[in-house]
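Read the structure below first, then the notes.
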Amino acid sequence: MNNPANKRKVLAYFAIIFFLTLIILFFIWEFRYIKKIIADNENNIETIVSSEIAAYIQDLQFITENASNLFTNVTTDKIGSFKAIAQKDDRILNIGLLDGSGNIINSYNGMDLRIPRSALQKTVQGVPYIYAVKNGEHASGLAVVTGINGGVNENARYLVLLFNANDFVNEFILKYNTDQIKAAIIDRGGLPLAWPFEQADYGAFLTDREIFKTQDARYAIHRIDLENTSMSVYFFSKQSNFAAYRIITIMFLLFTLYFLIYQFIVELLNANNMQSYFENIDFNIFNHLKEGIIIANKFSKIVFANNIVYEIFAEKEIIFNKTRLKEIIGPTDNDGTKLTLKTANNLIDIISSPIVKNGKLLGALVVVSPSHEKDKLGGKALEKIIEYSQDGIIFVDKDGKIINFNLMASYYLGNVKNDININQANSELADLIENSIGTNSPARGVLSYGETICELIPLYDDNSFYAGTVVFLKGGSNQ
């Protein structure tokens, strides 16, 4: 944390995390608030719809109960009683008197009244029971049945009033058929009284499902059963992708927040960066190496280069944390492979290797050194010269071991092999070599066997230490 750049980075992470946390909290609060408003609105609509239907049902039950009282008091003139009841409300389409088995005893206008046995059984509690009357695939009206004499089984008598519900249904669909929420009234036997969608969609509707799909939208279903009726109210709430998108957005922001918190902790602890990797190393030590050293961060920007790099790439400008690695050495794979780069003056070898800590890539270490291709080429040329020379040539290192020789040397000396001591090949030549050490000019000598002429050239390294001797062998006739 002593690096000002790291301090600024930590503060930047902290500020971003703070504001991102506020944004996430706002999104969550807004999502819950809007969701609560939508839920309250749907509950209010359901309450209003249920209250309106309950009022309508109670009205029909009240008319039926009054009619049953009127009919009970008049036992002689049934037709007259039917007419009196029908005149009380223009919604009444038919009136029927049934026995305990549901058979029609008398009816007002001769229409067939088919009463389900379950409807008769429901009236035992003394409350008029309402059910939908089927007409093809629809409900043509509502029938209200109530007991009139308190009898049971075969002795029971029931009064049935059939009401026209078209006005109520049309008004209901008009009021509660919005884009976001719709309401339907359906008999428990699957007979629709009020259906807000296209009639073709009803074939795909299943009363026990929680989701209903049309060609245009998807709806969540909530059902409320109506007391003392065979019907239920179904509420269809349109589902949109808004909530899903909002949740995805929140999850994305949370993931981003977790990532930033991790980065914040990493920077706060000064881990996983170039400074932490070399925290116990003095970078000046690299200036004492003969090779060029370049260190780049994970963004391929140079953070260190020793003096040799500046000498090799003198024509290029290197600015720490700004100059990219490829601007100096070209593109590299950071996989430890070696490549050769041609500069204005010579060839250089480049080796790049990734720097990894705790499984995380921190940057790259690049080693730059002069290429030895020319030296290798020169060595190959000398090998060919030695091989085809008419003189015998042999090279003996500082330890007296034979390093290289040609065919003519074998001819003059006989027992010559690489890595054997020169004493084993020829002790007289070994003495000549030993005597020539320390001289700066070629020395000459003659081997007694075959009168072979020897020219000895001592070799010295850059520090003037003896490195070996090159010996040229010639026959006595060439003297």
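Using my numbering, the letters of the sequence shown correspond one by one to residues 42 to 520. In this text, a Cβ means the ideal position worked out from N, Cα and C, and glycines have one as well.
Using three-state DSSP, classify residue i as helix, strand or coil.
i      : result
Asp503 : coil
Thr373 : coil
Ser271 : coil
Ile463 : helix
Thr381 : strand
Arg49  : helix
Tyr199 : strand
Asp323 : coil
Lys339 : coil
Asn347 : coil
Gly121 : helix
Asp266 : strand
Thr364 : coil
Leu215 : helix
Phe55  : helix
Gly244 : helix
Met42  : Below a pLDDT of 50, predicted positions are generally treated as unreliable, and Met42, at 46, falls in that range; the measurement from the model is reported next regardless. Coil at Met42, not helix or strand.
Ile426 : helix
Ala312 : With a pLDDT of only 49 at Ala312, under 50, the local geometry of the prediction cannot be trusted, and no value is derived from it.
Ile89  : helix
Ile222 : strand
Gln99  : helix
Leu61  : helix
Glu358 : coil
Gln128 : helix
Val457 : coil
Nearest to residue i by CA position, among the options, is which residue?
i      : options                           : result
Ile227 : Asn347, Ile104 and Thr270         : Thr270
Phe327 : Phe345, Lys339 and Phe340         : Phe345
Lys583 : Leu101, Phe305, Asn107 and Lys175 : This structure does not reach residue 583, given that the chain is present from 42 up to 520, and the question cannot be answered.
Phe340 : Ile334, Asn462 and Lys401         : Lys401
Phe204 : Ile334, Val185, Ile75 and Ile343  : Val185
Gln128 : Arg73, Leu202 and Gly231          : Leu202
Asn347 : Val210, Ile335 and Ile391         : Ile335
Arg132 : Gly371, Ile391 and Val210         : Val210
Leu330 : Ile104, Ile434 and Ile349         : Ile349
Lys254 : Ile265, Asp266 and Glu239         : Glu239
Lys342 : Lys367, Ser148, Ile69 and Glu352  : Lys367
Ile443 : Asp242, Gly244 and Ala471         : Ala471
Tyr170 : Met272, Phe354 and Ala337         : Met272
Ala337 : Ile396, Ala355 and Leu301         : Ile396
Val168 : Asn218, Ile104 and Ser142         : Ile104
Ala197 : Gly141, Tyr303 and Lys175         : Gly141
Asp130 : Ser394, Ile353, Ala206 and Ser489 : Ala206
Leu161 : Leu139, Gly182 and Ser148         : Leu139
Ser393 : Asn399, Ala405 and Leu382         : Ala405
Glu268 : Ile98, Gly441 and Gly230          : Ile98
Ala53  : Ile302, Lys421, Lys357 and Gly371 : Ile302
Ile58  : Leu298, Gly244, Leu473 and Leu111 : Leu298
What residues match up with residue i in a beta bridge as DSSP calls it?
i      : result
Pro395 : Ala405
Ser410 : Asp390
Gly491 : DSSP lists no partner for Gly491.
Gln280 : Arg259
Leu497 : Ala484 and Val512
Ile169 : According to the sequence shown, residue 169 is Pro rather than Ile. Partner(s): none; Pro169 has no beta bridge.
Pro233 : Ile227
Asn445 : Phe436
Lys77  : Lys77 pairs with nothing; no bridge assigned.
Val185 : Ile171 and Leu202
Leu139 : Ile145 and Tyr199
Phe253 : Tyr260
Ile334 : Val408
Ile133 : Phe204
Just checking my contact of residue i with residue j at CB under 8 Å: how many whole Å lie between their CB atoms?
i      : j      : result
Glu332 : Ser430 : Actually they are not in contact, since the Cβ atoms of Glu332 and Ser430 sit about 36 Å apart, beyond 8 Å.
Gly188 : Tyr199 : 6 Å
Lys515 : Thr493 : 7 Å
Thr510 : Ser477 : 6 Å
Gly145 : Gly137 : First, the amino acid is wrong: residue 145 is Ile here, not Gly. 5 Å between Cβ atoms; contact.
Val274 : Ile94  : 6 Å
Ile214 : Ala235 : 6 Å
Lys439 : Tyr507 : 5 Å
Ile262 : Glu251 : 5 Å
Ile391 : Ile353 : Their Cβ separation, rounded to whole angstroms, is 10 Å, which puts Ile391 and Ile353 out of contact at 8 Å.
Phe513 : Ile434 : 6 Å
If you pair each beta-carbon of the segment 468-487 with each one of the segment 496-504, do three or more pairs fall below 8 Å?
-> yes
Would you call the segment 362-373 and the segment 428-445 in contact, with 3 or more CB pairs under 8 Å?
-> no
Do the segment 275-290 and the segment 75-89 make contact, defined as three or more Cβ pairs closer than 8 Å?
-> yes
Meets three-Cβ-pair contact criterion under 8 Å: the segment 57-70 and the segment 291-300 | yes
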